[in-house]
Structure formats: structure tokens, C-alpha cells
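Colleague:
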Amino acid sequence: MNFGPAQQGEILSLGMRNLYIVPTRFGLLWLAGIGLLLVVAIQLESNGPLLLSYLMLGLFLLALHLTHFNLQGVEVRCGQPAMGFVGDTLTYPLRLRCRARCEGLRLRLGKGDPDAARSLSPGEHLLSVPWQSQERGRRRPGRLRLLTTAPLGLFVCWSRWDPPVQQLVVPYPRRGPVGRADAPGLPEGDQDSPQLSPGDGDLWHDLQPHRPEDGAGRLAWKLLAQGRGAHAKRFAAPLAEVPLLAPATGVPLELALQHLCAAILRLHGEGASYGLVLGGTTISPGQGVQQRDRCLEALALCPLQMR
Amino acid sequence: MKRKRAPRRDPTTAHAGRLQWLAQALLIVGLLGLQPALMLSWLAIGLTVLAGLKLLEAKQLGERRLVGLLQMVCAGVLGALQPDLAPSLLQGLAVCLALAGLLALEAGQGPDWRMLLRRSLQVLTAALPMALALFVLAPRLAPFTPMGHLGAGIATIGLSDTLAPGTIASLAGNSSPAARVSFGGGEPRAIRERYWRVLVHDRFDGQGWQSSPVSLRARTKAGDGDTAGEPPRPTQATEQQLWTAEASGLPPVPWDGRSQPLSADLRITPLGELVHRGRPSQRRLYALSSDGGPGEDWRRAPPDPWDLQLPAGANPRLEALASDWRSMPPPKRLAAAQAWFRSQPFRYSRSPGTLPSLSPLDAFLFERQEGFCGHYASAFSALMRAAGMPARVVSGYRGGDWVQPLGGPGYLDLRQNDAHAWSEVWIKAEGWIQVDPTTWIASSRGGGLRAGTRVGGIGWLERQWWALDIAWSRWWLGFDRQGQEALLQRLLGEHRNLVGILVISAVGLGLAGAVGVLGWLRRRPGGDPPRREIERCLAALARRGFVPEAGDTLPRFTARLATSHPSLATRLEALITPYQHWRYGPGPRRPQEARNLAGQLRLQRRELERTLRREAQRPHGEARRDRPNA
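Line order of the protein sequences matches chains A and B.
Here the numbering used here is used: the first sequence runs in plain steps of one and ends on residue 291.
Here the numbering used here is used: the second sequence runs in plain steps of one and ends on residue 789.
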């Protein structure tokens, strides 16, 4: 079942006014089963099937309320979504507060399949719901549908909500040629441009204490193994050699963005410095997680027509 | 990136699968006792097979749900076919398991067996009051079409339409159960009077006795004796007999020949047979009332020409003996026959051997002079016919054991080897009178009839079980349409039109109660008593808007709250410190300590709630300003 107006707002607070409940197809079959048993009971004047049919009717009436109870009083807010790639399965974080036990909860974002049923104890829960986006940029995940059929599957109770917080979706990384802001585009197929690499692992010229954001790629493993502490390698990176990435010329924009994304991730993994020139935006060279995220965000938000 | 397909068989339904297989196994066991000749048996078998096949191939939720429903319907149909205590217990268990399977399907990951079992019991118990209200109060419909005797002709052990003792060499000692009867007022009568008639054999062909065909049983002269229709209401004072007759393949059921039927299923034929409309291939349950009335009308039904029918020349010596008595008045003929039997050296024997097919009764009366009840009854009845008196043979049961179980009322236990045959003779002034020629032999020679026997071991257990079975029959199977009518009459009296309102309000009340209790159970915090108190405190704080942040520990949350709300600080301290100490302190946590602590925490919680109320009454803006999460 999927109808009824979708709720808006920062917090979805489920109650009588925004929960919908109807019998499932199984519920209707259940009623048919009750009918069959009643016919048998009346025709054979037998008490067993009669009591069973009444018991099933009682369960049906009870299930109506129990199913509704599952979602009643649940509060849903958005968490802080992390960025993800186009076409990849993204996880959208949701914070649920249940006042009582919530059984058989299924969540669905957009047009995806509902995930497996879960039962939540009273209290706060951080859930992540999978969804996919085919477009980059800041995207809202679409309509969230919360539904439950617990305890017996006779009724389905649901509510619909448009979560307001957007998730950043960046182009899917794809290896390919990227351009340099100060040079023409590299020939196609040249994927490991030597200019972009600060050199192999031995070409570092200095050490500094390792910080978590430096990543494993820059850790001086040899020194660590010798018990001399965790140090990060500093590579010789003359200013002129720091690549200033730009979309390759002659490549469609979306594809170029995907190549750039792959290049940025590779450079970040290697601990190199890099910058980005994209349309009117210039991100000066740097390194680290923040630099990567800044660049990826610029890729995600790049206008369709670059000036 | 490709999305991963979810595995087809959901691991979370593993519990459900096991429960459903268990339910399926119970249903298959239940099928074993079915009569394959019944159409409905095949419905039950078909449904069970269908559920089994579906269960084999079911991988998705919807299919598994369907299995659960099929299993419940199967159990219900089996319940109609086998309403006795033991099968009913089996069916009840199957329903519980099928329901638990359905619950397990929906609950998703997490719940363990104990939780599932508790949940099924909760849900079942919650739905039961509603079901019982409907069961007891909702008026029942009459069957859509009369069932007829679906199973007639099925061979079962016991009495038979034909009584030809000459063809039986020896009686098998068959001690399988025939019927049980319990009386409202304890053990009813002396053993001599315990003649339980079933079949009347009024057709004699010179060798054996037959019953009239079923179609003729309600023959023309029936009008006066047929008591079909609305059965008489029992008055409070009457003694009620509750009979359980095992499957016999014959429509007539045992009775004492004088009681009143209490249900519309029963009909007394002009021959004095009590015919039950239920299926003879199944155990039948019926109630009789011991006070007189039309129950004995059959004794006054005049004989038919064939009650004198005797093939001439079939047993010439017998005819010659009886012709001497023809000149006497009827009671004298009876006395003469009795005197003749007593004067001859007859012996009772359960294995007298077969009689010649030519003149068998002559051979018995004048040569062998050895036989069992069937021989005596048929020979005596033939003699009476030859003497010009209408006579017939009745077969049924005689005697039976009075069983006093450990608890509950006693009952009379009739076995197949209590089967007996006797005669009935028509004397105009008295009607049909019962004559048992076997007693002229057996009582003087001793033996033949079984008095109360002692049983041990399994027999004793069986009798206790049957006592339970009788209680079950009385309270469960005996509650039929008539019983319900009587109950409604007692409850409502004149205001029968209020029955609809009564049913709806009873169901509504049941539903409200069930929803209320389950809702309360759901909201009730889990864990040990101190934990529950702490949860209640947190709930009270949450109602005022004080909610822990994600990742907050209890001390951190309360410390934060105490800083922002100094007025709460002492209360929170008094709550948290002893709890933390008990929870994380050294040494074992004893239940007594937990209870004491919970009592202490309860007092502190009430203080806290009072403080919170006072806090709430402060000017609004002031209260809101210092909320930690506002």
C-alpha cells in the first residue's frame, strides 16, 4: 500500500493523523479462511472449527490495533548523511525514537525495495536506509516510507515522509584522462600520469609525526616496524609540480567529472597535494581529507554548462 | 555498481520455518486417525498436503504466510472430523505453533524462542476472551443441508444388522470400547437392569434375524412414536445421561429404552431404536434425560404382521414344541417356554461351534443345547412366533463397568464384549416386554456375564483418560445449538432481542481489554526492577523534554541535567548513585537487594516527579530557557 499525503518537516512524529492502515492481501485471505472454517463448523455442527474461526476473527481485530501500535509514537529525524557516489548504494542516516517496542519495521527510500524487517526496543536508534541516486549534486533521497505488518501480517500500517536533509552525491569515479589547468589535456589512456605522482614511496624527503588524517598511504611503515613511532612521510612537492586538475578537453563534461573524481581519490590515497579548477571555481592545492571533500563537493555541484 | 540481490531465503525466517515444520508434523499425525471414506477427510488431507508442498518450496514471506494460514485451516477441518479430547489437544498445539510461525515471520531479526513463545501466548490469550464471547453468545446457524449418513456401511467392530448365531463358531473376546455414559446423579441402577438396546431384529428367515432396512425404520406407523423435532427442555430435576458412542457403522446408538432424547439429532423409531443423525463412522455424543415421557411410546406400538413371520418347516421340531403352547393365553405361553428352557440342560458357551444350515435352531434346542446369548434369544423368539406371539430379537449391550475416576464424576464403561442379545415379546395388555432367555441359563450355571472387573496399569490410565474425555465431552462437545439456546434463555429471558447488543458489547469489551493489556505490556520497560524504575524516571524526564543525547551515558546525562537544573540535582543524585553502585559495584546482585533498591528508587522517582511538576508550573519562558536540549 502506498498512498496518502506525504508528511513534511524536520521531524516526523507518527500518530493517529499520519498513519494509514489497511488489511494486506494475506489479511483478506485470512478472512476467507475464517469463512471456510465457519461453513465447516455450521455444516458439521462442530465446536472446534467454530472456536478456531472466532479465535482467528479475534486475532484479526487485535492485529489491527497491534500493527498500529508498532508505529504509534515513533519520532523520526534525519542524521547527517555522508557523501556517496552516483549509482552506488548510498546510506541515508535516520534517527528514530521509539516510546515503546516497535516490531517488524521496514523502511524504504524512493522506489527501492523495503529493507528487512527489524524490531526496535524503546529508545533512540540510528538506522541507515539504502537508496540510489542517478544524478550528482545535493539530492534529497525521495520519499521515505515506513511500514510494518507485524505481528501477524494481516494489516499493513505505513506513513510517508519527505526527509528534508540533502545528501551530497558525487560523480562515480572512473579512470580516464584528466586535464591540467595550466596544460592541455593528457592523452587518453595515460592514466597514471607521472606528473601527478609525487613519486614512489622512497622519494620522500622529510618526516613528521603521523596524524590520523594523513592516512595509511603516507605512514612510514619501516620506521613503525623498527619501533621508532608513527611518522608520516613528506614528499618533495615543488609548487610547480602540484597538479591543478581540470576536466580533460574533448571529453563530455559528466565523463570528465568522473575521471576527475577518480584522480582526486587516487591522489588523496597517495597522500599527494592537488588542486582543482572547475569552471569558475578554483580550489588551491592542498592535501588531506578536507581538501578531498572540498574537491569532490565542487565536482558534485559543478553546473551542467560550464562557463 | 551492481546492486546485490537479496538472498532468496531470508535467514530471519529460520525460526518461522522450524515452527511451521513442527506444526506440519502435528497435522500429519492428526491425519492418521481419519476415515478415508468421508469427503471432508479428503479436504483435510488435501489441505495438509498443500500446506506441506507450499512449505517445501516457500522462500518468500508471502508464501510462508500462506503456509501458516493453510495450517490453521487444516487444524480447524481436522477439529470438525476428530472432536475428541486427544486429537483436539493435538490440533490446539498445531494452531499455537502455526501462529508462532506467523509471528516469527513478521518479527524480523532478533527475537529468540522464549520471546516468540511468550509473544504467541500473549496474543492468543488476548484474543481468547473475544473468541469465547462469540462462541458462547453468538447465535448459531442450523446446517445448510442435512448431512445424512455419509459413512453408512463402513465396517467397524461391534453389533451388526444381522444376527445369525448359528454361523458363528466362537465369540472373539473383543474388549475395545463401545460406549460410555455418565449420569447426573452417580451410579444409576443395579447391574441386572442395565440393558442398553441398540438394534431390533424383526425379520426372521429360518436361520438368522435381520433388522428392517433403514428406509423402513421410519415406516407408516411411525407418526405416533417419532419424537423428531424440537426436543423437550429438560427440567432442573431430571437426571441427565451423557453418552459417548464409539463409531459403529450403524445409525442406532445405545440407550436404556425409556429416556428422553435431549437433542434434535436423536429420534426414537417405532421399534424402540434410538437413531442418531450424526455420521455412524464417527464417535457420537448425545444426551438423554432419565425422566419418562414419550421415550417409552415404542413399547405400545402394535406389532406388524412380520413380527409373527416364521418360514414354515425351517425348524420343524421347534414348531412342533411351540404348537403345544398355542392354546394357552399369552402370559402362560411365556411361562411355559421359560419352564421348558429351565428343564433342559442348556449350557452357556462363547465357542459353541457352528450350527447346520438346515434347521439350525432345531439343532441348537434339541441336540447341542450349548450357545451364547444370540442362540438363546433367536431360539426363544422363534419359539414364541411359532406359538403365535409376536416376538423379535434385540441386540445391544448389557452390564458394563462402573468407573470412579480420581477426580470428577464416575461413568459406566461399555465394551464390545458386553454385547448382548435378548428378546421382546408382545403381550397385548402390557405391550412389548423384555425377556432375556440367557439369564435362565447363565444365572443358574454362573458365568457368561461380566461384573465389575479390576484393571491395572495401562487399563487404569485409559479409564482415567476417559474420565477426562467425558468431562471434555460434557463441557465442550455438549455445548451445541440447544445448549446455547438454553444458556441465552437463562441469561436474557424475555429480552432475547438484546442478544446482538450483548454479543457486540462482549466482543468490544474483550477487544478493549486485550488492547489495553497488550499496550501496557508493550510500554512496560524491560529489565530487572531497579532498571524499570530508572526507565520510568527517564520517561518522566522525557515528558518534560529532557532527553538524553545520542551516546549519553546515564551519569553524563544526569550531570548535564543537574548543571542546567540545579533544583533537580539532589533528586537525580539520590536516584543515580545507588543504582550505579548496585549495577556496577562488586559482588553478586541478589534478587532481594534488587527489590529493596527498586522500592527505594520508587520513592525517589515520586519525589523527582513532584519536583518536575513544580518546575513545570514556573513561568513558561523561564522553564524553557534552561532546557538542555531546547
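Note that CB positions come from ideal geometry on N, CA and C, so glycine has one too.
Bear in mind that the values here come from a model prediction, so they are computed numbers and not experimental data.
Helix, strand or coil for glutamate 398 of chain B? Go by DSSP, reduced to three states.
Modeller: In this structure, glutamate 398 of chain B counts as coil in the three-state DSSP scheme.
Colleague: Taking only beta-carbon atoms, is asparagine 2 of chain A less than 8 Å away from chain B?
Modeller: Taking Cβ atoms only, chain B never reaches closer than 8 Å to asparagine 2 of chain A, which makes this a no.
Colleague: Answer with yes or no whether the minimum CB distance from proline 231 of chain A to chain B is below 8 Å.
Modeller: Output row for proline 231 of chain A: interface = no.
Colleague: Please classify tyrosine 38 of chain A: does DSSP put it in a helix, a strand, or coil?
Modeller: The answer is helix: DSSP assigns tyrosine 38 of chain A an H, G or I state.
Colleague: Please name the residue in B:Ser726, B:Glu768, B:Arg655, B:Ile629 whose C-alpha comes closest to that of leucine 401 of chain B.
Modeller: It is B:Ile629 whose Cα lies nearest to the Cα of leucine 401 of chain B.
Colleague: If we ignore side chains and look at the alpha-carbon of each, how far apart do proline 302 of chain B and leucine 22 of chain A end up?
Modeller: When rounded, the distance between both Cα atoms is 11 Å.
Colleague: Does chain A have any CB closer than 8 Å to the CB of glycine 211 of chain B?
Modeller: Cβ-Cβ to chain A under 8 Å: no for glycine 211 of chain B.
Colleague: Measuring only the C-alpha atoms, how far is proline 269 of chain A from serine 105 of chain A?
Modeller: Taking the straight line joining both Cα atoms gives about 48 Å.
Colleague: For a minimum of 4 consecutive residues, which ranges assigned as the alpha helix (DSSP H) are wholly contained in the region 645 to 717 of chain B?
Modeller: If we require 4 residues or more, the alpha helix (DSSP H) runs fully inside the region 645 to 717 of chain B come out as 658 to 682, 688 to 702.
Colleague: Measuring alpha carbon to alpha carbon, tell me which of A:Leu39, A:Gly63, A:Leu50 ends up nearest glycine 100 of chain B.
Modeller: Shown here, chain B extends from 160 to 789; a query on residue 100 of chain B therefore has no answer.
Colleague: Helix, strand or coil for lysine 587 of chain B, going by three-state DSSP, please let me know.
Modeller: Correct three-state label for lysine 587 of chain B: coil.
Colleague: Whole angstroms is fine: what's the gap from alanine 290 of chain B's alpha carbon to valine 232 of chain B's?
Modeller: Going by the C-alpha atoms only, they are around 16 Å apart.
Colleague: Report the partner residues of serine 448 of chain B according to the DSSP bridge assignment.
Modeller: BP columns for serine 448 of chain B point to B:Gln399, B:Gln419.
Colleague: For the region 88 to 170 of chain A, which segments carrying the beta strand (DSSP E) assignment without a break, of at least 3 residues, lie completely within its bounds, in sequence order?
Modeller: List check, beta strand (DSSP E) in window: 102 to 104, 107 to 116, 121 to 123, 128 to 132, 139 to 145, 151 to 154.
Colleague: Along the chain, where does the beta strand (DSSP E) containing tryptophan 355 of chain B start, and where does it finish?
Modeller: It spans 354 to 360 - the beta strand (DSSP E) in which tryptophan 355 of chain B sits, taken as one unbroken run.
Colleague: Can you pull out the residues from the region 241 to 261 of chain B whose beta carbon lies closer than 8 Å to at least one beta carbon of chain A?
Modeller: Here the close residues are Pro242, Ser247, Gln250, Val254, Leu258, Leu261.
Colleague: For leucine 228 of chain B, decide whether its Cβ has a neighbour in chain A, counting only Cβ atoms nearer than 8 Å.
Modeller: Yes, its Cβ sits closer than 8 Å to a Cβ of chain A.
Colleague: For the alpha helix (DSSP H) that arginine 278 of chain A lies in, which residues bound it at each end?
Modeller: Per DSSP, arginine 278 of chain A belongs to the alpha helix (DSSP H) from 273 to 285.
Colleague: Starting from the beta carbon of aspartate 639 of chain B, find every residue of chain A whose beta carbon is closer than 7 Å, and list them in chain order.
Modeller: Here the neighbours are Glu29.
Colleague: When we look at the beta-carbon of isoleucine 735 of chain B and count the other beta-carbons within 10 Å, is it buried (16 or more) or exposed?
Modeller: Buried.
Colleague: Just to confirm my understanding: we take valine 226 of chain A, look at its own chain, exclude 5 residues before and 5 after, and list those with CB closer than 7 Å. What are they?
Modeller: Only Ser257, Tyr258, Gly259, Pro269 meet the Cβ criterion.
Colleague: Taking arginine 509 of chain B as the reference, which of B:Asp577, B:Glu768, B:Val359, B:Gly569 has the closest Cα?
Modeller: It is B:Asp577.
Colleague: Show which residues of chain A have a CB atom less than 7 Å away from the CB atom of phenylalanine 294 of chain B.
Modeller: The contacting residues are Leu34, Leu35, Tyr38.
Colleague: So is glutamate 432 of chain B buried or exposed if we call it buried at 16+ other beta carbons inside 10 Å?
Modeller: Buried is the call here.
Colleague: At which residues does the beta strand (DSSP E) containing histidine 435 of chain B begin and terminate?
Modeller: Its beta strand (DSSP E) spans residues 433 to 435.
Colleague: Whose Cβ in chain B lies nearer than 9 Å to the Cβ of glycine 17 of chain A?
Modeller: Simply Leu228, Leu229, Met231, Val232, Gly235.
Colleague: If the cut-off is 8 Å on Cβ atoms, which residues from the region 274 to 287 of chain B count as contacting chain A, listed in chain order?
Modeller: Listed by position, the residues of the region 274 to 287 of chain B near chain A (Cβ gap below 8 Å) are Arg278, Val282, Leu283, Ala285, Ala286, Leu287.
Colleague: Please tell me whether alanine 709 of chain B has its Cβ less than 8 Å away from any Cβ of chain A.
Modeller: Output row for alanine 709 of chain B: interface = yes.
Colleague: By the 10 Å Cβ neighbour count, where 16 or more other Cβ atoms means buried, how is histidine 654 of chain B classified, buried or exposed?
Modeller: Looking at its Cβ environment, which holds fewer than 16 other Cβ atoms inside 10 Å, histidine 654 of chain B is exposed.
Colleague: For the beta strand (DSSP E) that contains glutamate 59 of chain A, what are its first and last residues?
Modeller: Here the beta strand (DSSP E) through glutamate 59 of chain A covers 59 to 62.
Colleague: Relative to the C-alpha of asparagine 31 of chain A, which residue among B:Leu197, B:Gln250, B:Ala753 is closest?
Modeller: Comparing Cα-Cα distances from asparagine 31 of chain A to each of B:Leu197, B:Gln250, B:Ala753, the minimum goes to B:Gln250.
Colleague: State the Cα-Cα distance for the pair valine 273 of chain A and leucine 251 of chain A, rounded to the nearest angstrom.
Modeller: Near 11 Å, if we compare the C-alpha coordinates of leucine 251 of chain A and valine 273 of chain A.
Colleague: Where tryptophan 201 of chain B and proline 195 of chain B are concerned, what is the direct C-alpha to C-alpha distance, given to the nearest angstrom?
Modeller: Spanning the two alpha carbons is a distance of roughly 7 Å.
Colleague: Answer yes or no: does any C-beta atom of chain B fall closer than 8 Å to that of glycine 42 of chain A?
Modeller: At least one chain B Cβ lies under 8 Å of glycine 42 of chain A.
Colleague: Along chain B, in chain order, which residues have C-beta atoms closer than 8 Å to that of threonine 133 of chain A?
Modeller: Residues of chain B passing the Cβ test: Glu265.
Colleague: Are the C-beta atoms of phenylalanine 53 of chain A and some chain B residue less than 8 Å apart?
Modeller: Cβ-Cβ to chain B under 8 Å: yes for phenylalanine 53 of chain A.
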